[in-house]
């Protein structure tokens with residue numbers, strides 16, 4: 217199974233590079249997959265599936281730990297490609313791809329979320345965080361991609377998490393056609409934070 221998943225990850229990575237489809241790239245994906253493995257969340261949620269690159273990395277770890285991922289995408293053609301990639305990797309029982317506006321879809325999630333990955337439009341990071349916040353487990357890991365190149369567009373989100381939670385910016389040197397250096401903001405959500 218792991219060989220099958222790796223083959224699909226490699227194919228999807230090639231396609232993303234060739235078609236200039238935004239993706240984490242292996243440097244950031246490996247770091248986040250390690251966080252998923254360490255946290256072993258029963259439920260992880262991702263906003264911004266694109267064609268499923270990060271969902272494949274997360275799904276591979278969740279397959280080992282017994283967790284599951286709900287990944288949300290607004291673009292119908294990318295959603296369809298992501299579903300096909302997830303099925304091709306044999307991860308359909310672990311990764312559920314949903315189509316629609318994440319700000320609305322998040323409200324339908326009823327289980328506690330222990331890992332959240334924000335990787336959609338920068339201006340939607342704060343609204344998505346607010347939509348899922350009632351379901352975030354105490355100690356949940358919240359990872360916001362593109363905290364370097366998209367910092368201005370997600371300023372409201374970054375100010376909120378940096379002011380309220382244990383939060384750090386992790387920088388990566390990347391080998392992607394569209395960016396060579398970027399960051400992920402990683403925060404630990406606490407329900408009883410000081411107001």
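In our numbering, the protein residues as written are 217 to 411. Yeah, the Cβ is synthetic: ideal placement off N, Cα and C, and Gly gets one too. Treat the numbers as computed from the prediction; the structure is a model and nothing was measured.
>> Quick check on residue 387: buried or exposed, where buried means 16 or more other Cβ atoms within 10 Å of its Cβ?
In response: On the chain shown, position 171 is the one that residue 387 refers to. Looking at its Cβ environment, which holds fewer than 16 other Cβ atoms inside 10 Å, residue 387 is exposed.
> So who's on the other strand from residue 394, going by DSSP bridges?
Replying inline: Taking the first residue of the chain shown as 1, we reach residue 394 at position 178. According to DSSP, residue 394 bridges with nothing at all.
> Do the region 329-349 and the region 247-263 make contact, defined as three or more Cβ pairs closer than 8 Å?
Replying inline: yes
> Contact check, residue 329 vs residue 356 under 8 Å by CB: the rounded distance?
Replying inline: What you label residue 329 is simply residue 113 of the chain shown in a count that begins at 1. What you label residue 356 is simply residue 140 of the chain shown in a count that begins at 1. Contact holds; Cβ gap of about 6 Å.
>> For a test of the three-state rule: what should DSSP assign to residue 304, helix, strand or coil?
In response: Numbered from 1 along the chain shown, position 88 holds the residue referred to as residue 304. When DSSP states are grouped into helix, strand and coil, residue 304 belongs to the helix group.
> Candidates 408, 300, 369 and 287: which alpha carbon is nearest residue 221's?
Replying inline: Residue 221 sits at position 5 when you count from the first residue of the chain shown. Ranking the options by Cα distance to residue 221, first place goes to 300.
> What first and last residue would you give for the beta strand (DSSP E) that runs through residue 360?
Replying inline: Working through the chain shown from its first residue, we reach residue 360 at position 144. That run of the beta strand (DSSP E) goes 352-361.
>> Restricting to Cα atoms, I'd like to know which of 343, 382 and 367 is closest to residue 354.
In response: In the chain shown, the residue the question calls residue 354 occupies position 138. The option with the nearest alpha carbon to residue 354 is 382.
> So the beta strand (DSSP E) residue 287 belongs to, where does it begin and stop?
Replying inline: In the chain shown, counting from the first residue as 1, residue 287 sits at position 71. Here the beta strand (DSSP E) through residue 287 covers 284-289.
>> Need the endpoints of the beta strand (DSSP E) that residue 311 sits in, please.
In response: Residue numbering aside, residue 311 sits at position 95 when the chain shown is read from its first letter. Its beta strand (DSSP E) spans residues 311-315.
> Buried or exposed: where does residue 415 fall if 16 or more other Cβ atoms within 10 Å of its Cβ makes it buried?
Replying inline: The structure shown has nothing for residue 415, since the chain only spans 217 to 411.
> Terminal residues of the continuous alpha helix (DSSP H) containing residue 229?
Replying inline: For this step, residue 229 is matched to residue 13 along the chain shown. Counting along the chain, the alpha helix (DSSP H) containing residue 229 begins and ends at 218-235.
>> Quick check for students: name the residue ranges of the alpha helix (DSSP H) that lie wholly in the region 245-284, counting only runs of 4 or more.
In response: Complete alpha helix (DSSP H) runs here, min 4: 269-281.
>> At the level of alpha carbons, what is the spacing between residue 405 and residue 321?
In response: Residue numbering aside, residue 405 sits at position 189 when the chain shown is read from its first letter. Residue numbering aside, residue 321 sits at position 105 when the chain shown is read from its first letter. Using only the alpha carbons, I get a separation of about 20 Å.
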